[in-house]
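Numbering follows numbering that gives the first Met the number 0, with no gaps: position 63 of the sequence shown is 62. Written out below as structure tokens is the structure these notes cover.
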Amino acid sequence: MFLKIRLDATSGVQMHEISVAQTIVNEILAEAERQSAAKVTRVVLELGKLTMLNFDQVSFWVSAFLEGTVGEDAEISITPVDGSVECRECKAISDVLVEDDPTLHYSVPQFTCERCGSHNTFICKGREMVIKTIRIER
0 MFLKIRLDAT SGVQMHEISV AQTIVNEILA EAERQSAAKV TRVVLELGKL
50 TMLNFDQVSF WVSAFLEGTV GEDAEISITP VDGSVECREC KAISDVLVED
100 DPTLHYSVPQ FTCERCGSHN TFICKGREMV IKTIRIER
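The following block contains the structure:
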């Protein structure tokens with residue numbers, strides 16, 4: 000069985016990898032219970048690069064929190080989602096390259112429109128935290 004659940008990452012609350020992983024696990028286990036799952040075998044997550052999460056840490060903590068549950072030994076797969084911004088001035092959509100730069104974790108990045116150079120932009124992609132698939136056995 001395949002299930003898709005969307006987590007809200009736009010609330011403005013900054014979540015650490017551990018709390019994000021715990022939230023993901025809570026949703027996985029709740030859905031497994033609703034579906035009367037005997038076992039969760041695979042979980043596919045889509046995580047936006049602009050969440051500034053360390054994907055390896057998220058995967059580690061999800062696996063750790065699933066130990067001793069129906070999700071123990073589940074395969075955890077994370078698909079990164081590239082970021083993009085939309086310009087409020089000219090409506091152009093520009094890709095955002097997220098470098099592995101530690102300073103991005105401590106500052107508020109300012110995004111620039113590739114077409115007109117405006118800083119009046121908003122993030123339209125890359126902040127997702129989606130549980131795309133939960134594969135279960137009954």
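Backbone N, C-alpha and C define an ideal beta-carbon position, used for all residues, glycine too.
Query	Result
Length of the line joining the Cα atoms of I130 and C115	35 Å
CA-to-CA distance, V61 to E16, given in whole angstroms	9 Å
Option in T22, V80, L96 and E66 with minimal Cα separation from E113	L96
Whole-angstrom distance between K90 and A31, CA atom to CA atom	42 Å
Host beta strand (DSSP E) of S76 (start-end)	E74 to V80
Neighbour-count burial assignment, F110, 16 or more Cβ in a 10 Å radius	buried
Endpoints, the alpha helix (DSSP H) within which S145 is located	Because the chain here runs from 0 to 137, residue 145 falls outside it and cannot be looked at.
Buried versus exposed call for A36 [16 or more other C-beta atoms within 10 Å across all chains shown]	buried
Range of the contiguous alpha helix (DSSP H) that encloses F121	Segment T120 to K124 is the beta strand (DSSP E) holding F121; no alpha helix (DSSP H) there.
S117 (DSSP reduced to helix, strand or coil)	coil
For Q56 and M0, the rounded distance between their alpha carbons	Interpretation of M0 is limited by its pLDDT of 47, a score under 50 that renders its predicted location unreliable; the figure taken from the coordinates is listed afterwards. Rounded to whole angstroms, M0 to Q56 spans 27 Å at the Cα level.
V57, enclosing alpha helix (DSSP H) - first and last residue	F54 to L65
Simplified DSSP assignment, three categories, for L44	strand
CA-to-CA distance, T50 to A20, given in whole angstroms	13 Å
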